[in-house]
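In full-length UniProt numbering, the protein residues as written are 1 to 416.
In this text, a Cβ means the ideal position worked out from N, Cα and C, and glycines have one as well.
Worksheet: the structure to be examined is printed underneath.
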Ligand SMILES: Cc1cc2nc3c(=O)[nH]c(=O)nc-3n(C[C@H](O)[C@H](O)[C@H](O)COP(=O)(O)OP(=O)(O)OC[C@H]3O[C@@H](n4cnc5c(N)ncnc54)[C@H](O)[C@@H]3O)c2cc1C
């Protein structure tokens, strides 16, 4: 069923009896042309673009739990393309372009809201760094505006301007950035992929790999073996664990990232704001809750929950930026497992093992990348060569030294 005004009307007058399931909950077949491991946003987007752009319809997405149960359903929904390095800018801008047409493409309301993101700066050197980033963005045709303190005050008068330990001096604004509804993105891609014939197989954990010599020719799963000449991994926080089953050691560590939502309040925060003197960012959901987060918990873990020191650190950041947040009650906090790469940038590539492809290392910034990640990973799988927009995200860059260290903090996963 195509969603439209007419389908709404038909259901309204028929007691909502005409709706059909959004996607087929498929049973696994013994073989496919390609298998994608991981039913998060990236895995589902990859399957969708494999079918739509490359004509591969006999494919399956294998998810060990339910689709969106990983980071895709746990993130703080921020989308943006305000990067400064040549390897990153074209990729994230391509993602932003895909976001801008996503709802029409998928025929699904993913609630893309281009409400803007403002990165605050609090010192002269930080202003200069943001100016450089903004200039790099504009040179690549990406929108960026450098605001001074009074422009920020006019936009966000509720921030702490007059009594702050780290006074706000201004901010870098990208107006086309914003938020999208995370689980809506998962469901939209699942529905669109399913309509193109993709099997979405839930409760199907990959437990090993089928091999013909060196080559990977399929996967062992909790629901039996499945043969496929091409296997793509898009398992986010479990990347090193799953790759290890194939004998591949990745330059990735898994860490927890937490996020929080407050009780609902009337509209206060019009866009996404990031604090420049600590790790804190905040936006307001359409239901009214303030959605915020900060740093990763600084230890390795596969648990989808974090610890109290980071809760305290995040709340301190919030209090420093907008003290009125202290009067709100916290509704919920949760965690997800991040695949932290050694330079803070992702990997979309073939692996040295024939038949095995890798999409990983998204750290805590992969939601915004979902459309372009799926697009470029599908390209790599279908054509056996990197997509030009993701050409820098090679696995061998850690051996050759061509790192993409956007933050400039070196090989420190807990700092990226
Ligand atoms: C709290 C938090 C806030 C975040 N905020 C943002 C943000 O604001 N903006 C942004 O851009 N990014 C953000 N991120 C990061 C972003 O969510 C991730 O980078 C991105 O979702 C990762 O890609 P994915 O959606 O495919 O991952 P996931 O949804 O984690 O998908 C991977 C899937 O693989 C499955 N899997 C694992 N092992 C196996 C196996 N053996 N067999 C089968 N399936 C398996 C998992 O169950 C999971 O469903 C945030 C993350 C968290 C946790």
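**Q.** Beta-carbon separation (whole angstroms), residue 102 vs residue 171, contact threshold 8 Å
**A.** Translated into the one-based positions of the chain shown, residue 102 becomes position 102. Translated into the one-based positions of the chain shown, residue 171 becomes position 171. Not a contact, Cβ separation roughly 27 Å.
Q. Leaving out the 5 sequence neighbours to the left and right, which residues in its chain are closer than 8 Å to residue 357 when beta-carbon positions are compared?
A. To locate residue 357, count along the chain shown from 1; it is residue 357. Taken in chain order, the residues that qualify are 230, 231, 232, 233, 349, 350, 351, 377, 380 and 381.
Q) With respect to the beta strand (DSSP E) encompassing residue 340, which residues constitute its N-terminal and C-terminal limits? A) Position 340 of the chain shown, counted from the start, is the residue given in the question as residue 340. Start and end: 330-341.
Q | Touching by the beta-carbon criterion (3+ pairs, under 8 Å), the segment 355-370 and the segment 72-82 | A | yes
Q) Under a three-way DSSP split, which group does residue 281 fall into? A) Taking the chain shown and counting its residues from 1, one reaches residue 281 at position 281. Strand.
Q.
If the criterion is Cβ atoms closer than 8 Å, does the pair residue 121 and residue 130 meet it?
A. Indexing the chain shown from 1 puts residue 121 at position 121. Indexing the chain shown from 1 puts residue 130 at position 130. Yes, these two residues count as a Cβ contact at 8 Å.
**Q.** Short Cβ contact (8 Å threshold) for residue 136 with residue 84
**A.** By 1-based counting over the chain shown, the position of residue 136 is 136. By 1-based counting over the chain shown, the position of residue 84 is 84. Yes; because the gap between Cβ atoms is below 8 Å, this pair is in contact.
Q) Under a Cβ-count criterion, where at least 16 other Cβ atoms within 10 Å of its own Cβ denotes burial, should residue 417 be classed as buried or exposed? A) Only positions 1 to 416 of the chain appear in the structure, and residue 417 is not among them; the question remains open.
(Q) Quick check: is any heavy atom of ligand 1 less than 7 Å from the C-beta of residue 84? (A) Numbered from 1 along the chain shown, position 84 holds the residue referred to as residue 84. It does not: the Cβ of residue 84 is nowhere closer than 7 Å to a heavy atom of ligand 1.
Q | ligand 1 heavy atom lying under 7 Å from the CB of residue 353 | A | Stepping through the chain shown from its first residue, residue 353 is reached at position 353. No, the beta carbon of residue 353 sits no closer than 7 Å to any heavy atom of ligand 1.
Q.
Starting from residue 325, trace the beta strand (DSSP E) in both directions and tell me its first and last residue.
A. Along the chain shown, read from residue 1 onward, the residue named residue 325 stands at position 325. Residue 325 -> no beta strand (DSSP E), and no H or E assigned at all.
(Q) Checking the sheet assignment: what are the DSSP bridge partners for residue 221? (A) On the chain shown, residue 221 is found 221 positions in, with the first residue counted as 1. Partner(s): 206.
Q. Going by DSSP, what residues sit across from residue 198 in a beta bridge?
A. Residue mapping note: residue 198 aligns to position 198 of the chain shown, counting from 1. Answer is none; residue 198 lacks a bridge partner.
Q) Does the Cβ-Cβ distance between residue 224 and residue 175 come in under 8 Å? A) Counting from 1 along the chain shown, the entry for residue 224 is found at position 224. Counting from 1 along the chain shown, the entry for residue 175 is found at position 175. No, Cβ-Cβ distance for residue 224 and residue 175 is not below 8 Å.
Q: Return the first residue and the last residue of the alpha helix (DSSP H) that residue 11 is part of.
A: On the chain shown, residue 11 is found 11 positions in, with the first residue counted as 1. Unbroken alpha helix (DSSP H) run through residue 11: 5-13.
Q: Decide yes or no for the touch test of the segment 180-192 against the segment 292-299: beta carbon pairs closer than 8 Å, at least 3 of them.
A: no
Q: Specify the secondary structure class of residue 17 as computed by DSSP and reduced to three states.
A: What you label residue 17 is simply residue 17 of the chain shown in a count that begins at 1. Reduced to three states, the DSSP call for residue 17 is coil.
**Q.** Sufficient close CB pairs (3 or more, under 8 Å) joining the segment 315-328 to the segment 270-289
**A.** yes
Q) What are the boundary residues of the beta strand (DSSP E) that residue 115 is part of? A) In the chain shown, the residue the question calls residue 115 occupies position 115. Run containing residue 115: none; DSSP gives neither H nor E here.
Q) From 256, 138 and 245, pick the residue whose C-alpha is nearest to that of residue 298; which is it? A) Within the chain shown, numbered from 1, the residue matching residue 298 stands at position 298. Among 256, 138 and 245, the Cα nearest to that of residue 298 belongs to 256.
Q | Check: residue 75 C-beta below 7 Å from any heavy atom of ligand 1 | A | Position 75 of the chain shown, counting from 1, holds the residue named residue 75. Because some heavy atom of ligand 1 lies under 7 Å away, the Cβ of residue 75 counts as near it: yes.
Q: Quick one: grab the DSSP three-state call for residue 48.
A: If you number the chain shown from 1, residue 48 lands on position 48. Correct three-state label for residue 48: helix.
Q: Would you check if the segment 329-342 and the segment 240-254 touch, i.e. whether three or more CB-CB distances between them fall below 8 Å?
A: yes
(Q) Quick check: residue 227 and residue 235, are their CB atoms within less than 8 Å of each other? (A) Residue mapping note: residue 227 aligns to position 227 of the chain shown, counting from 1. Residue mapping note: residue 235 aligns to position 235 of the chain shown, counting from 1. No.
Q. Hey, how far is the Cα of residue 167 from the Cα of residue 399?
A. For the purposes of this step, residue 167 is taken as residue 167 along the chain shown, with counting starting at 1. For the purposes of this step, residue 399 is taken as residue 399 along the chain shown, with counting starting at 1. Whole-angstrom Cα-Cα distance: 42 Å.
Q: Could you spell out the range, first to last residue, of the alpha helix (DSSP H) harbouring residue 350?
A: Translated into positions along the chain shown, residue 350 becomes position 350. Element bounds for residue 350: not the alpha helix (DSSP H) but the beta strand (DSSP E), 347-350.
Q.
Please state the DSSP three-state secondary structure of residue 190.
A. The residue you call residue 190 lines up with position 190 of the chain shown. Residue state, collapsed to three classes: helix.
Q. Quick one: what's residue 139 bridged to in DSSP?
A. Within the chain shown, the letter at position 139 stands for residue 139. Paired residue(s): none; residue 139 is not in a bridge.
Q) When you compare only the Cα positions, how much space is there between residue 265 and residue 74? A) Residue mapping note: residue 265 aligns to position 265 of the chain shown, counting from 1. Residue mapping note: residue 74 aligns to position 74 of the chain shown, counting from 1. Distance between the alpha carbons of residue 265 and residue 74: 21 Å.
Q. For residue 275, which three-state DSSP category applies?
A. Within the chain shown, residue 275 is the residue found at index 275, counting from 1. Strand.
Q. Residue 50 to residue 39, Cα distance in whole Å?
A. For the purposes of this step, residue 50 is identified with residue 50 of the chain shown, where counting begins at 1. For the purposes of this step, residue 39 is identified with residue 39 of the chain shown, where counting begins at 1. Cα to Cα, the separation comes out at about 15 Å.
Q. With 16 as the cutoff for other CB atoms within 10 Å, does residue 42 come out buried or exposed?
A. As a working mapping, residue 42 is identified with position 42 in the chain shown. Per the 10 Å Cβ criterion, buried.
Q | Nearest-angstrom Cα separation, counted from residue 307 out to residue 331 | A | Along the chain shown, read from residue 1 onward, the residue named residue 331 stands at position 331. Along the chain shown, read from residue 1 onward, the residue named residue 307 stands at position 307. So the alpha carbons of these two residues sit roughly 16 Å apart.
Q | Boundaries of the alpha helix (DSSP H) in which residue 262 is found, first to last residue | A | Mapped onto the chain shown, residue 262 falls at position 262. Per DSSP, residue 262 belongs to no alpha helix (DSSP H); it is in the beta strand (DSSP E), 252-264.
Q: Could you tell me which residues DSSP puts in a beta bridge with residue 179?
A: In the chain shown, residue 179 corresponds to position 179, counting from 1. Paired residues: 78 and 113.
(Q) Tell me the DSSP secondary structure of residue 126 in three-state form. (A) By one-based count along the chain shown, residue 126 stands at place 126. Three-state DSSP puts residue 126 in a helix.
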